[in-house]
Each structure stands twice: as structure tokens, then as C-alpha cells.
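Numbering (our numbering), first residue to last: 3 to 336.
Reviewing the structure listed below.
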Ligand code: NAI
């Protein structure tokens, strides 16, 4: 069966990694009819908006999208496309598996954790004001509804994937009301999932534990900002931003995207590592029920890493094209 999926190539290295991902997914045998939509800084120049209405309409229609990174023009009055997309489509769970791949000398072999980040509120609600000249205020919005559903998602995910523990990451010792609410919701949800061990860690201690013994945390559930920062820390543990995938999941739609940004320093140079978006594509195939195709790509990735073909961010010499070609061949053989 062919799937119709919205593809947003994005800015910077986005078109390069999106093109590589299309080719690798095609090599797995899955049939996808891509509906290509433009959003981001480049489209803002032409259309005066970073997110034209038809992009949201396309995702609402297809229910699934694959998205490259998008840059938000700073100081020009544009809202972040990522934040707008997540809020408009209510993509409340941002799921980021942080897993070591073989042979890339990660800081710690065998890292395997999942970060489940609340995606719709916290300081990302965009509630900011200048109280008076020289004094700015940002409001951290935390609701019982969002805390409960993200904790439920994390526990359900842990059960579905056979994980043992869910760790809530908070700073309720200082933010007693907002982070205290997350903790309260977490404890209530945990009672409904007796097979999963609940675990509580303060965010600063979590940063240290991720470096010392990440796997002890297992599935992390946390607020938007902490999840954002800890995801990049996680990426650093397993080889860098070129690897770690992500999924933004809602009840009506899902948008799959890498953790990394537009990488302006290497955009257009043929150096980008497309693995993170390809792994996001693998998550998308599992979401679509295309498990055989997903497993072929997973096997192809392992074979390619083991063969030593890798991009410069992982210490290799291959450009995006050489790496993509090798991976497509490996997927074809898988
Ligand atoms: P970045 O993730 O774009 O780059 C950080 C460093 O990692 C750079 O040295 C870059 O070359 C490297 N890197 C990132 N992805 C790579 C890949 N696939 N292959 C090889 N190297 C890679 O972060 P930065 O520079 O802070 O942000 C640049 C822009 O991206 C900003 O406008 C930011 O707002 C946007 N951004 C967008 C995101 C999204 O659309 N989901 C997420 C994060 C940032």
C-alpha cells in the first residue's frame, strides 16, 4: 500500500538530509507518495510567513509528516515554525530515543534511553513581556492536563516497548508549584502502571547521571525546556546531533524530525550526516506499521557503520552522497 506523507525539507542542511532520507526509504521497498511542502526561513522571504496555511492543511490531511530542520529568522517578528506546528497540531509528546550505534566511539557504549519531552507548554508557550524598560519576564505555563497526558504517554510507551522504569525529571525543589504539579501528576499516573518502576530525579542531577550512567534513567519524562537541553546532552553521549532521531506525536497527527537544527556552518557543502533524519524515518515507518521496511533500514545502518563508511561529524571521510549511496546498497541487501 502506498502512503501519502507530507515532506517539509526545511532550511540549511534540511533539503540535503531530506533527499537522502527519501532515497533510503525507497531502497527499503516502502512506497511513499511525498507531498512536498515548504516552510521556514526561505519561504518567509517569498511569502511573508514561515508557515503557509497549506503546510498545516497537508499534515492534517495526511496525518503523518517528515520534517527537516527549520530556522526562525531572529528579531523579525516571526514565531518559531517548530513551536507553532507542535501547538497547532497538538503534537504533545516529543519522543527521542538516544541509542549508541556500533563503531562510532560514543562516550559510552550501549547507551539506550528514551527522552519523552512535553511539547506544548512550559517556557515555550511564548508568554513574554517587558514589565518596564530593562526588565523582561517569561512565563512558565504548566497545566495538570498536559502533565498527566505526557506522563501517561511515557508509561504507556515504557509498557509497549518493554522498558522497566520511567524517570520524571523536574526542579520541584525550587519551582514548587509548576514542577510540583508535574511531580504530583507523575505520581498519580505511576499508580496506574504497577509494572513500571517510577523514579524521580532533579534536572541538574539528571545531567550528571546521564553522563555517568544514562541507562539507569531508562525512559525520561520531562518538561519542554529540560527535554530540549537533555536531548542535546544525550546526542553528545552517542556521537552527536547527526544521529539522534525524534517524533512529535499527537492524537490527530505525527511529525517526525531529527533533534538537530539547520547546521548553517555546513549547509550546501554535501557534508551533512543524514542519519538522524533517516532514523526519524525509521520511527515513522514503525508508526505506519511498515515494520519490515523499518527493520531493513535498521540492519542497513548497522552494516554501514560497521563497514566504516561514515560522515565527517563521526570522524569519517564520506560526504552525504557517498554515505547515502552505501546505505541504500546495504538496505537493498538487508
Ligand atoms: P544545529 O543543530 O543546527 O548545529 C549544531 C552543530 O552540529 C553545528 O556545528 C552543525 O554543523 C552540527 N550538526 C547538526 N546537525 C548535523 C548533521 N546532521 N550532520 C553533521 N553535523 C551536524 O544547531 P544551531 O547551530 O544551534 O542551530 C541552527 C539553526 O537551527 C537555528 O536557527 C535553530 O533555531 C534551528 N534549529 C531548528 C530545529 C528544528 O527545526 N527542529 C532544532 C534545533 C535548531
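Note that beta-carbon positions come from the ideal geometry of N, C-alpha and C, so glycine has one too.
It should be emphasised that the depicted structure is a prediction, and the values quoted were computed from it without experimental measurement.
Item	Value
So, are the CB atoms of residue 326 and residue 22 less than 8 Å apart?	yes
Tell me the start and end of each unbroken alpha helix (DSSP H) in the segment 217-245 that is at least 4 residues and wholly inside, in chain order.	226-239
Express the C-alpha separation of residue 65 and residue 256 in angstroms, rounding to a whole number.	6 Å
Between the C-alpha atoms of residue 261 and residue 14, what's the straight-line distance to the nearest angstrom?	14 Å
Would the C-beta of residue 41 count as close to ligand 1, meaning under 7 Å from any of its heavy atoms?	no
Out of 62, 67, 297 and 86, state which residue places its alpha-carbon closest to the alpha-carbon of residue 73.	86
Can you pull the DSSP bridge partners for residue 169?	201 and 222
Confirm the yes/no value for this check: CB of residue 262, any heavy atom of ligand 1, distance under 7 Å.	yes
Give me, in chain order, the residues of the same chain whose beta-carbon lies closer than 6 Å to that of residue 127; leave out the 5 immediate sequence neighbours on both sides.	143
Among all the DSSP beta bridges, which residues are the ones paired with residue 5?	34
Taking only the alpha-carbon atoms, compute the straight-line gap between residue 322 and residue 182 and give it to the nearest angstrom.	45 Å
Between residue 329 and residue 306, is the Cβ-Cβ spacing less than 8 Å?	yes
Can a CB atom of chain B be found closer than 8 Å to the CB of residue 8?	No chain B appears in the structure shown, which is made up of a single protein chain.
In terms of residues, what are the limits of the alpha helix (DSSP H) holding residue 152?	146-162
Would you kindly report the start and end of the unbroken alpha helix (DSSP H) that includes residue 307?	293-309
Just mark residue 141 as buried or exposed, buried being the case when its beta carbon has 16 or more other beta carbons within 10 Å.	exposed
Once you ignore the five residues that flank residue 105 on each side, which residues in its own chain have a CB closer than 6 Å to its CB?	307 and 308
Are the segment 155-162 and the segment 111-118 touching by the rule of at least three beta carbon pairs closer than 8 Å?	yes
On the criterion of 16 or more Cβ atoms from any shown chain inside 10 Å, does residue 133 qualify as buried, or is it exposed?	exposed
Specify whether the segment 203-211 and the segment 168-179 touch according to this definition: at least 3 beta carbon pairs, one from each stretch, less than 8 Å apart.	yes
With a threshold of 6 Å on Cβ separation, who are the neighbours of residue 383 within its own chain once the five nearest residues in sequence on each side are excluded?	The chain is shown from 3 up to 336; residue 383 falls before or after that span and cannot be answered.
Less than 8 Å between the C-beta atoms of residue 129 and residue 169, yes or no?	no
At a cut-off of 7 Å, is residue 231 close to ligand 1 when judged by its beta-carbon and the heavy atoms of the ligand?	no
Using only CA atoms, which one of 244, 254, 331 and 311 lies nearest to residue 70?	244
The beta strand (DSSP E) that contains residue 120, what's its start and end?	114-120
Less than 7 Å between C-beta atoms, sequence neighbours within five positions excluded: which residues of the same chain meet that for residue 285?	247, 249 and 258
Starting from residue 44 and walking both ways along the alpha helix (DSSP H), at which residues does that stretch end?	43-49
Can you give me the start and stop residues for the alpha helix (DSSP H) that residue 88 sits inside?	83-90
Flag residue 266 as yes when its Cβ comes closer than 7 Å to any non-hydrogen atom of ligand 1, and as no otherwise.	yes
Can you have a look at residue 194 and say buried or exposed, based on whether 16 or more other CB atoms are within 10 angstroms of its CB?	exposed
Between 136, 31 and 166, which lies nearest to residue 295 when the distance is taken from Cα to Cα?	31
Sort 233, 277 and 179 by Cα distance to residue 96 and report the nearest one.	233
With a Cβ-Cβ cutoff of 8 Å, do residue 110 and residue 239 count as a contact?	yes
With burial defined as no fewer than 16 other Cβ atoms inside 10 Å of the residue's Cβ, what is the status of residue 99: buried or exposed?	buried
Can you give me the C-alpha to C-alpha distance between residue 102 and residue 242, rounded to a whole angstrom?	10 Å
Put residue 175 into one of helix, strand or coil per three-state DSSP.	coil
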